[in-house]
Amino acid sequence: MNPLRIILALSIVMLLTDCQNMNESEEIDAITKVILAEGEARQNNDFELFSECWAHEPYITNYWAINWGCSTIKGWDEMSQWFQKYHHGEPNSYIIRRENINLHINGNIALADFDLYIDNYQGGDLESKANATLEKINDSWKIVYLTVIFDKSFKQQSNN
């Protein structure tokens, strides 16, 4: 084979590899932005931003568990009603942080895990592990499943 053809073929392979790495890097950035924006929406009681982060489908699910209970919210209709009921008014006084985000992308599905911290929540700090599944819908990443397990939490204050 002609050395020029070999060099040309190798150059094309290297270029395609660089483009693929650049595309994956762009996807990672886009997914990370959605995960962080969803936390920001909860922090600021911003329904519009929250709505942009989630798929508006009946199959979406948000599950959380803490030492005083757990909850499952299924479907966009229930999720949007829940958010508007419990996240309204001024931004919250507590601080939501999402750190150490790890991602795996396979086509139009992405799996993420991250540490979630809620500082100064009703006089205490919460630490949790979270898992999210995102789906690429119409060229935008949307959350379809979010599980939050508070592994270090405090007892809920009595309302009595």
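Position one of the sequence shown corresponds to residue 22 (this note's numbering), numbered consecutively onward.
Think of the CB as a built atom: it goes at the ideal place given N, C-alpha and C, for glycine as much as any other residue.
Pairwise C-alpha distance: residue j and residue i
i: residue 44; j: residue 89; result: 43 angstroms
i: residue 186; j: residue 101; result: Since the first residue of the chain shown is 22 and the last is 181, residue 186 is not available in this structure.
i: residue 106; j: residue 57; result: 22 angstroms
i: residue 111; j: residue 64; result: 9 angstroms
i: residue 60; j: residue 159; result: 22 angstroms
i: residue 143; j: residue 78; result: 32 angstroms
i: residue 92; j: residue 103; result: 11 angstroms
i: residue 148; j: residue 125; result: 23 angstroms
i: residue 97; j: residue 161; result: 17 angstroms
i: residue 165; j: residue 99; result: 13 angstroms
i: residue 114; j: residue 121; result: 23 angstroms
CB of residue i within 8 angstroms of CB of residue j, strictly
i: residue 118; j: residue 140; result: yes
i: residue 76; j: residue 157; result: no
i: residue 135; j: residue 127; result: no
i: residue 150; j: residue 170; result: yes
i: residue 49; j: residue 155; result: no
i: residue 153; j: residue 137; result: no
i: residue 74; j: residue 62; result: yes
Secondary structure of residue i, DSSP reduced to three states
i: residue 50; result: helix
i: residue 76; result: coil
i: residue 90; result: strand
i: residue 111; result: coil
i: residue 56; result: helix
i: residue 129; result: coil
Cut-off 7 angstroms between Cβ atoms - residues of its own chain near residue i, not counting five sequence neighbours on either side
i: residue 95; result: 82
i: residue 109; result: 66
Sequence-distant residues of its chain with Cβ nearer than 8 angstroms to residue i (five each side left out)
i: residue 172; result: 148, 149 and 150
i: residue 47; result: none
Neighbourhood of residue i by C-beta, 6 angstroms cutoff - its chain only, sequence neighbours within 5 removed
i: residue 13; result: Since the first residue of the chain shown is 22 and the last is 181, residue 13 is not available in this structure.
i: residue 116; result: 140
- Give a yes or no on contact between the region 80–87 and the region 57–69, applying the rule of three or more CB pairs nearer than 8 angstroms. no
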